[in-house]
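Presented below is the structure to which this report refers.
Residue numbers (our numbering): -17 to 271.
Okay, here's the thing in structure tokens:
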């Protein structure tokens, strides 16, 4: 009884401060009596949606360099007004999750995959955020996603998944992934991933100036790598000073022996160097013509 009274008092206070008498929604007495908690939650959700919409409309009216860089979950966020470019991180299908020891947790609930959607005019591209590792998705308690930089022909952004630390279950850790989107070739690569402890007290925004374009290639100083797009989902690793392709190295088998084909060694990119990972593409969406 005591808890019911406290709840009713809280709801009345919320009710009075949320609406004026003119805009007060009508609630059927019997419905309120039978399901007061659900009605209260629905009213709260509706107000929250209206506040988010008002906030987005305000942000959309600002110049690109003044707009906030945090991306709300499951919503498009305006990135570049001139290019009509929007970015969103959305829930995908639900899959089993893992615990901190990378084993399937029997008592874990299903969690949604995350899908990157990039909308430009009437065209929307979709990418699976977990790099074909959907069965190994972390059970995120909260998310933090945002834009790092936006230039004429590329954009960099990050996603963050908060979960309980393995060593200290009462504390949360954020696992970040940093992505690079080529506007020219409509392609996304994952540049890096790490826990927030690797930042050593710095914020994720220290990466907003780590990428620079030199002629026709890009250099990421944070991972000491340089790369050049040569097509859709096609990239070559280059020398950061000259922009020329990095020399290949002989491919080794499991025993450390050079793999040969037709009497010649098989050459591959340096396995210890930068290994770009393209995100899996999902079906594109085109509205109108």
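No residue lacks a Cβ here, since even glycine has one placed at the ideal position from N, Cα and C.
Its chain contains 68, 69, 70, 99 and 101 as the residues whose beta carbon lies nearer than 8 Å to that of residue 58, once the 5 sequence neighbours on both sides are disregarded; these appear in chain order.
Separation of the CB atoms of residue 51 and residue 142 is rounded to 13 Å, and the pair is thereby denied contact status at 8 Å. Cβ-Cβ distances below 8 Å link residue 53 to 59, 69, 70, 71, 127, 128, 129 and 139 in the same chain, with the five nearest sequence neighbours on each side left out; the list follows chain order.
By alpha-carbon distance to residue 216, the top candidate from 235, 245, 225 and 261 is 261.
Taking 8 Å as the cut-off, the Cβ atoms of residue 219 and residue 185 do not count as close.
The beta carbon of residue 34 sits closer than 8 Å to the beta carbons of 54 and 57 from its chain, once the five residues preceding and following it are set aside; these are given in chain order. Around residue 164, the same chain offers 136 and 211 as residues with beta carbons nearer than 6 Å, after the five sequence neighbours per side are excluded. With at least 16 other beta carbons inside 10 angstroms of its own, residue 159 counts as buried.
Residue 132 sits in a strand when the DSSP states are folded into three classes. Across the set 230, 243, 235 and 263, the C-alpha of 230 shows the shortest separation from the C-alpha of residue 251.
Looking from the CA of residue 64, the closest CA among 123, 169 and 134 belongs to 134. Distance from the CA atom of residue 197 to the CA atom of residue 132, rounded to whole angstroms, is 17 Å. In the DSSP assignment, residue 202 is bridged to 193 and 207.
Secondary structure remark: continuous beta strand (DSSP E) runs of at least 3 residues inside the stretch 31 to 68, in chain order: 58 to 62. Looking only at 172, 157 and 168, the smallest Cα-Cα distance to residue 181 is reached by 157. Residue pairing by DSSP places residue 142 opposite 158 in a beta bridge.
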